[in-house]
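First residue of the sequence shown? That's 10 in the numbering used here, and the numbers climb one at a time after it. No residue lacks a Cβ here, since even glycine has one placed at the ideal position from N, Cα and C. Everything numeric in this text was worked out from a predicted model, so none of it was measured. Scroll down for the structure; my scribbles are underneath it.
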Amino acid sequence: MINTRLSFLLLLTTFFVGCSNMPTNSQNKAVFQDQLSTLMLDYASIENLQADELKTVFNSVKEKFLKEEKSDDRIRYILLLVLPEQEFYDRNAALSLLNEWPNIEQQPTSIIAFRSILIKRLAEEKRIHDIVNNLSRQLRHEKQQTDTLQKKINDIKDMEKKLIRRNIQDNINGH
């Protein structure tokens with residue numbers, strides 16, 4: 010969990026540092042920095058919330074996004090959707106929101122770059138998750154096969170023991 014959060018925070022930091030160096034006019038840069046500051050303050054404030062409080066924030070952000078569909082609300086909603094180890098975690102929904110972003114070409118370059126970074130990160134996470142699931146399935150199958158073979162081995166050992174006992178009993182009885 011700590012590694013996931015740390016990598017997520019590093020991703021966001023990289024994005025925000027990179028975006029702060031992008032050439033834009035001063036008014037757009039100031040507006041963008043205000044948006045970033047607000048998003049980062051929002052994110053920092055939700056990290057320490059209890060699960061029920063976080064769920065309330067999630068529902069509020071989701072409702073606001075669905076009502077207004079603003080880019081800032083979309084980003085907040087996506088960031089909450091990919092917040093690790095939460096009951097509302099939904100990588101697929103976040104990817105869908107990122108991939109189906111309306112009028113993305115009209116967004117600031119920084120938003121487009123942030124979207125691209127998140128898509129790549131979440132796609133990689135999904136790929137790794139699928140690999141782990143596949144390996145887990147294979148491991149369960151191998152375990153079942155191992156258990157079946159072990160049962161057969163034990164059955165054969167039991168049959169051998171019975172044959173040995175019967176031979177010993179036959180020898181004692183004089184057969």
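Classify residue i as buried or exposed, calling it buried when 16 or more other Cβ atoms lie within 10 Å of its own Cβ.
i, result
"residue 87", "buried"
"residue 123", "buried"
"residue 141", "exposed"
"residue 74", "buried"
"residue 53", "exposed"
"residue 103", "buried"
"residue 119", "buried"
"residue 162", "exposed"
"residue 177", "exposed"
"residue 165", "exposed"
"residue 92", "buried"
"residue 83", "buried"
"residue 85", "buried"
"residue 97", "exposed"
"residue 158", "exposed"
"residue 172", "exposed"
"residue 58", "exposed"
"residue 90", "buried"
"residue 107", "buried"
"residue 50", "exposed"
Over the uninterrupted alpha helix (DSSP H) stretch that includes residue i, give me the two end residues.
i, result
"residue 68", "60-77"
Worksheet item: What are the uninterrupted segments assigned as alpha helix (DSSP H) that are 4 or more residues long and contained completely in the region 80-153, given in chain order?
Response: 80-90, 100-108
Worksheet item: Would you say the region 112-123 touches the region 137-146, given that touching needs at least three Cβ pairs under 8 Å?
Response: no
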